[in-house]
Structure formats: structure tokens, C-alpha cells
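Report on the structure given below.
2 protein chains.
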Amino acid sequence: MASQEVLLAFVQAATQGSFSAAARKLGRSQSTISAAVASLEIDLDLQLFDRSSRKPTLTPAGHVMLQKAEAILAATSRLEMSARQLAQGVEPKLTVAISDTYQSYRFEAALVDFEQRYPELELECLIAECDDLIELVQRGRAHLAFAEMQDNYPPDLVTSTVAERTEIALFVSREHALAKLEHVDQQILEQHRELRLATIVNPYDSRGKGRVWSAPSYLMLLEMAEKGFGWAPLPRWLVQRYANDLLIELDVRGWPKPVFVDALWSRLYPPGPAGSWLLSKMLE
Amino acid sequence: MASQEVLLAFVQAATQGSFSAAARKLGRSQSTISAAVASLEIDLDLQLFDRSSRKPTLTPAGHVMLQKAEAILAATSRLEMSARQLAQGVEPKLTVAISDTYQSYRFEAALVDFEQRYPELELECLIAECDDLIELVQRGRAHLAFAEMQDNYPPDLVTSTVAERTEIALFVSREHALAKLEHVDQQILEQHRELRLATIVNPYDSRGKGRVWSAPSYLMLLEMAEKGFGWAPLPRWLVQRYANDLLIELDVRGWPKPVFVDALWSRLYPPGPAGSWLLSKMLE
DNA sequence: AATAACCATCGATCAAGGCGATAGTTCATG
DNA sequence: CATGAACTATCGCCTTGATCGATGGTTATT
């Protein structure tokens with residue numbers, strides 16, 4: 001079985017184009033590299049280098065084996081990176097629960113940085129509704145949660161408000177009747193269909209306030225609004241991103257509403273380094 | 001550096017849930033597995049197993065490391081598979097050149113089987129025009145070629161006719177004026193724009209036979225025909241696959257034309273096992 | 001209480017990777 | 001053409017680590 005040392009020697013020799021250079025690079029003696037390559041050639045029953053000229057060059061078969069060898073080394077270095085991080089106490093998997101309400105540039109930007117910093121760490125994103133979010137964190141099922149701000153939290157939770165204010169405004173399709181009006185008051189609004197968020201656990205209780213269509217995610221609401229089915233409260237960033245020219249904001253008293261977001265975590269199951277890092281990115 | 005033996009012991013122990021069982025499976029002594037796991041834990045500075053119960057179970061960190069270790073072992077087994085095949089003389093890379101004229105179910109089916117049989121082998125498909133195809137094979141740049149049948153070939157080439165007949169028929173868009181006609185004769189045809197294949201090397205020399213639009217691939221011609229720009233000779237299978245309902249076949253004397261396909265290879269650079277295998281699949 | 005199965009540890013053995021020294025090749029240069 | 005510089009192959013020797021068998025401790029079952 002080809003050992004790591006042998007493969008390293010081979011890869012280095014192949015990329016350097018010289019056994020001696022590879023030896024210098026790896027801090028080994030030249031004979032070690034030579035022996036390593038020779039033993040690899042015997043093990044694989046393949047000629048890897050063409051030694052006829054001054055500088056050994058890879059044979060066609062050697063090129064193929066180089067690719068495979070590099071794949072192995074890359075896999076081992078990933079293992080070692082994971083091991084180092086785990087040894088330092090980084091959590092094996094980070095679970096973040098997000099409210100349907102909360103989707104933001106800040107979070108996405110934080111994830112981009114996160115991917116750079118912890119490329120090997122498994123990430124799990126859960127979507128849940130307010131009370132469920134709290135329970136997920138309390139049970140330790142999620143390390144971190146981002147939820148719409150609330151007045152009271154259980155004592156075992158720690159919270160911190162994210163320095164970001166999403167705005168939720170009312171939108172309709174360009175083609176919709178309401179789109180023509182300069183200003184819209186509550187009564188006129190109630191004459192048209194509302195598109196409203198309803199979580200699965202806690203559905204909207206339709207007290208006949210007018211026709212209401214509901215969906216469990218803002219993206220679905222947005223698509224309904226695009227089709228002109230009614231007006232919908234939507235995060236402004238979502239509209240800018242996915243329906244920039246198709247929807248128009250309504251001017252209604254009390255709208256747009258600011259939404260503040262709290263980060264939650266548990267005192268019992270405090271987030272590890274990766275969770276803390278992500279948290280600090282979100283709070284900075 | 002974690003050696004292959006140690007990783008194998010770890011993976012086997014983790015999947016078996018028992019060091020002794022892993023030892024039996026690997027044909028090693030129990031102490032070997034125990035020592036291997038212990039040394040891996042020391043090397044990685046991680047607790048991989050929870051030994052408190054009767055059967056050792058993976059820690060969360062152990063689960064992560066198991067994934068990474070399996071990735072390494074998979075990479076090495078791919079290397080070994082490649083090595084075995086190369087040692088048996090399988091070509092490091094298979095290059096197949098195909099005429100623009102020839103695209104078929106048979107070839108695609110052969111490739112599916114090929115992928116099963118030589119999953120690690122690199123495949124290169126070249127598209128070229130008739131004379132270029134022959135030159136590619138003569139030079140050894142391509143191991144195999146599939147080209148429209150021809151009467152004479154250079155003496156250093158071997159040929160065999162593929163038992164498949166592609167039909168090329170004339171098609172126009174449903175919306176095109178010609179689509180209304182039951183039968184079309186040559187004169188009427190010449191009054192409308194022709195969409196014709198022109199290779200890059202050997203462009204269509206437009207002797208004012210009527211307006212002609214040309215493109216270097218049948219797929220592009222097909223799209224032009226869909227748009228209603230004119231009539232085009234197209235392989236029937238291509239139309240069935242990509243424009244089933246949008247194009248209509250014209251009934252013109254002399255059409256559809258059968259196209260026979262020859263497989264070509266060189267006596268000087270005979271195809272290796274993989275090439276021969278693919279060839280036999282194509283000829284069977 | 002007895003037994004069976006399991007894991008950890010110890011000392012010995014052996015193969016593989018490592019080094020230094022040496023000899024043989026190849027290429028550029030005067 | 002002779003020479004020197006840089007490279008690779010090979011030899012003997014040493015160290016490391018993988019492996020084994022034996023032994024003892026622990027856990028669950030009967």
C-alpha cells in the first residue's frame with residue numbers, strides 16, 4: 001500500500017521536475033526521494049518517469065497517477081485540518097436556526113466568511129417559527145438562532161440584538177389595481193386580497209378579515225405577489241433581490257415596519273469556537 | 001502522518017462497532033486494531049471512540065473523522081484501480097473524434113457502459129470535419145473516430161462500418177410557408193432559405209444558389225430552423241430529441257438520405273483495451 | 001458464580017522509510 | 001574534447017512503526 005511519504009515524494013518530484021529539488025523542498029535526502037519513487041513504481045507496476053533525459057519527466061501514466069496522488073494528499077490534508085480544529089474544541093457540526101422572518105445580506109456575508117474560515121465544518125441551517133426556535137436552542141439541537149425580537153426569553157437563553165434592521169414593506173405587482181394609487185389607506189387595502197406569512201405550526205386564523213392567501217415562506221409570497229394575486233408584506237431586501245422591477249411598494253400608514261432580530265444561544269450548550277465566531281460576525 | 005493501515009483499522013472499527021470484529025474482517029490481530037486506533041487518537045489529539053460502554057461508539061468528533069478517513073481511502077482505491085488498469089496497458093486517456101454528422105443513441109449508450117467499466121479513465125471527445133478526422137487518427141491525436149462513410153481511406157487506417165444508419169431529412173418550422181405543402185419539389189425549395197452545415201475549415205462556398213445561412217453544428221442549425229429562418233437537412237434523431245413538435249419533415253425527392261458511419265483507427269497507433277472495448281461496443 | 005466476549009498493554013519481531021556515501025549519467029562550457 | 005556541475009541509482013546501516021501473541025482487566029449474559 002502506497003504510504004503518504006512515498007506519495008508526497010512522488011508528487012513533489014513530479015511538480016518540481018527533479019528528484020533533488022523535491023528532496024530539498026521536503027527536507028529529505030535525495031536518496032529517499034529516489035527510493036520512494038522507485039518503490040512506488042514497483043508497487044504500482046508502472047513506469048512513472050521517463051529517465052532518458054537529464055530531467056525526469058512524467059510518462060502519460062505518470063500524469064494520471066499524479067492527479068490521483070494529489071487527490072489523496074488533498075484528502076489527508078483536509079482530515080488533518082479537521083482534526084486540528086476539533087482538537088481545539090471546535091464543534092463537529094454547527095447548527096443554526098433561522099426564523100422565516102430573517103434572511104439578510106449580513107447573514108449571507110457572514111456565511112461567505114465562515115466558509116473561508118471553516119471550510120471543513122459541516123453546517124446545518126434549520127428554518128423554524130418563533131417558539132420552535134427557542135425550543136431548538138434550549139434543547140441544544142441548534143447552537144444559534146436568529147429570530148424576530150421578543151420581549152421575554154427563558155432564563156437559560158442569552159440574547160443579543162443584531163445591529164441590523166430589516167424593513168418589511170407592503171408590495172404589489174406593477175399590474176395590480178393598487179399600484180396606480182399614490183397613497184393607500186387601510187380600508188382600500190382590506191378590499192384586496194392579502195398574501196400573508198403563515199407558519200406550519202401556527203397557521204393564520206382567518207377571521208374573515210377579507211380574502212387571505214397564505215404561504216409558509218416569503219419567497220413563495222413574493223411569487224404570488226409577482227403574479228398579481230394580492231398585496232403582501234415582504235422584506236425589502238428580498239424584493240430588491242428577486243423581484244426588483246416587478247413589484248411596487250405601497251404607501252400605507254404604519255408601513256414600512258422595522259424588524260429587529262435577536263441572536264439566541266443557550267447557557268447550557270454554549271456555542272463552540274465556530275459558533276462564537278459566526279455570532280461575533282453577526283453582531284459586529 | 002496517519003498511515004493507510006491505521007485509517008483502515010479506524011474505519012473498519014467504526015463501521016463494525018467493535019475492534020475485534022474489525023480485526024477479524026481485516027485479518028489482523030485484535031491488538032493491532034487497538035494500537036492503531038490508539039495511535040490515531042494520539043496523532044490527531046482527539047478522542048475518537050467512547051469506550052465507557054461495552055461496544056465502543058464513535059464520538060461526534062469521531063463521526064467527522066470517519067467521513068474524512070473514508071474519503072482518503074476512497075481516493076487511494078481510485079488510485080489503485082487506475083494503476084491496475086494502466087499496468088494492464090489501458091491507455092491513460094482515450095480520445096475519440098466524432099464527425100459533426102454523427103451523433104447517435106448508440107454512441108451515447110456506449111458511453112454509459114464505458115463510464116461503468118472505466119470510471120477513472122479520462123475521455124476526450126473531439127468534433128471535427130471529415131478530412132480533419134482522418135488526420136487526427138493518422139497523427140495518433142485521436143485513438144478512434146466516427147465519420148461519415150467514405151470510399152477510400154489512407155492505407156494506414158483501419159475501418160469498420162457501424163451497424164447503424166442515421167437518416168438525414170429536411171425540416172422546417174411548423175410556422176414556415178413550406179410546412180403547408182404536401183409535397184415540395186426542388187424548385188420551390190430553392191426559393192426559400194437553406195440552413196446548411198459548414199465546417200470551420202471548409203466553409204460552404206456560396207455560389208449564389210439562393211440565400212444560405214450556415215452554422216458549424218447541427219444543433220445550431222436546428223435552432224435556426226425552429227425560429228423559422230429556413231429549411232435544413234438534419235439528423236432525424238436530433239429533431240426527435242430536441243425539437244419534436246416544433247419542426248415538420250418535408251417530402252422532397254431524394255430525401256431522407258441514409259448516412260452510414262465508419263469507425264476509423266490507425267494501424268500505427270492501435271487503440272488500447274479501453275478503445276478496443278468502446279469500439280466493439282459500437283460495432284456489436 | 002461462571003462464562004464468554006471484549007479491550008488495553010507489554011515485549012519481541014520485522015518490514016519500510018530514512019540517511020550518508022559512492023558511483024554512474026547527462027548536459028553545458030571553455 | 002575534456003571538465004565540472006548537477007542529477008539519479010544503489011549500497012549498507014539505523015530508526016520507526018506496524019504487527020503478533022500472550023496476559024490481564026472489564027462488562028454483560030447465563
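Protein chains in written order, with UniProt numbering: chain S, 1 to 284; chain R, 1 to 284.
The C-beta atom is built at its ideal place from N, Cα and C for all residues, glycine as well.
The C-beta distance from S:Tyr218 to S:Leu247 rounds to 12 angstroms, too long to meet the 8 angstroms contact threshold. Residue pairing from DSSP leaves R:Cys130 without any beta-bridge partner. Bounds of any beta strand (DSSP E) do not take in S:Trp277; it lies within the alpha helix (DSSP H) bounded by Pro273 to Leu283. Taking a beta-carbon distance threshold of 8 angstroms, R:Thr15 does not count as an interface residue toward chain S. Counting only residues of its own chain and dropping the five nearest sequence neighbours on each side, R:Ala22 has a CB closer than 6 angstroms to the CB of Gln12, Ala13, Gln16 and Ile33.
In the DSSP assignment, S:Phe19 falls within the unbroken alpha helix (DSSP H) covering Phe19 to Leu26. Along the segment 64 to 78 of chain R, the positions whose C-beta sits under 7 angstroms from a C-beta of chain S are Val64, Met65, Lys68, Ala69, Ala71, Ile72, Ala75, Thr76 and Arg78, read in chain order. In this structure S:Asp262 is buried. Its beta-carbon is surrounded by 16 or more other beta-carbon atoms within 10 angstroms. Here S:Arg117 has Trp277 as same chain residues with Cβ atoms under 7 angstroms from its own Cβ, once five neighbours each way along the sequence are excluded. The beta carbon of S:Thr59 is closer than 7 angstroms to those of Gln47, Leu48, Phe49 and Asp50 in its chain, skipping five residues each way along the sequence. CA-CA distance, S:Leu221 to S:Asp132, rounds to 22 angstroms. Boundaries of the beta strand (DSSP E) around S:Pro233: Ala232 to Pro235. Taken in chain order, the whole alpha helix (DSSP H) runs of length 4 or more contained in the segment 134 to 197 of chain R are 186 to 190. The beta-carbon distance between S:Glu91 and S:His143, rounded to whole angstroms, is 7 angstroms. This is short enough to meet the 8 angstroms contact definition.
Along the segment 80 to 102 of chain S, going in chain order, the ones with a CB nearer than 7 angstroms to a CB of chain R are Ser82, Ala83, Leu86, Ala87 and Pro92. Taking a Cβ-Cβ cut-off of 7 angstroms, the neighbours of S:Ala61 in chain R comprise Leu86 and Pro92, given in sequence order. Assigned with DSSP and collapsed to three states, R:Lys55 falls in coil, not helix or strand.
Under the three-pair Cβ rule at 8 angstroms, the segment 226 to 235 of chain R does not count as touching the segment 63 to 77 of chain R. Counted as a single uninterrupted DSSP element, the stretch harbouring R:Ser104 is not any alpha helix (DSSP H), since DSSP gives it neither H nor E.
Not flagged as an interface residue toward chain S: R:Met149, since no C-beta distance is shorter than 8 angstroms. By DSSP's assignment, R:Lys227 forms no beta bridge with any residue. Setting aside the 5 residues that flank it on each side, S:Lys93 is surrounded in the same chain by Leu121, Glu122, Leu123 and Glu124, each with a C-beta closer than 8 angstroms to its C-beta; the list follows chain order. At a C-beta separation below 9 angstroms, R:Leu46 has these neighbours in chain S: Ala83, Leu86 and Ala87. With its beta carbon at least 8 angstroms from every one in chain S, R:Ala177 lies outside the interface. By the Cβ test, the segment 256 to 271 of chain R is in contact with the segment 136 to 151 of chain R, since at least three Cβ pairs between them sit closer than 8 angstroms.
Nearest Cα to R:Glu249 within the set R:Ala109, R:Leu268 and R:Leu181: R:Leu181. Beta-bridge pairing by DSSP links R:Leu123 to R:Leu94.
Counting along the chain, the unbroken beta strand (DSSP E) around R:Ala263 starts and ends at Lys257 to Ser266. Nearest CB-CB separation between S:Ser3 and chain R: below the 8 angstroms threshold.
In the structure shown, S:Asp245 falls within a coil segment according to DSSP collapsed to helix, strand and coil. Sixteen is the threshold: since fewer than 16 other Cβ atoms of the shown chains lie within 10 Å of the Cβ of S:Glu190, the residue is exposed. In the DSSP annotation of this structure, the continuous segment of the beta strand (DSSP E) that includes S:Val212 starts and ends at Val212 to Ala215. Residue S:Gln88 holds the alpha-carbon nearest to the alpha-carbon of S:Pro273 among S:Ala169, S:Asn152, S:Gln88 and S:Met224. In its chain, beyond the 5 residues on either side, Trp231, Pro233, Leu250, Val252 and Trp255 have a beta carbon closer than 6 angstroms to the beta carbon of S:Leu170.
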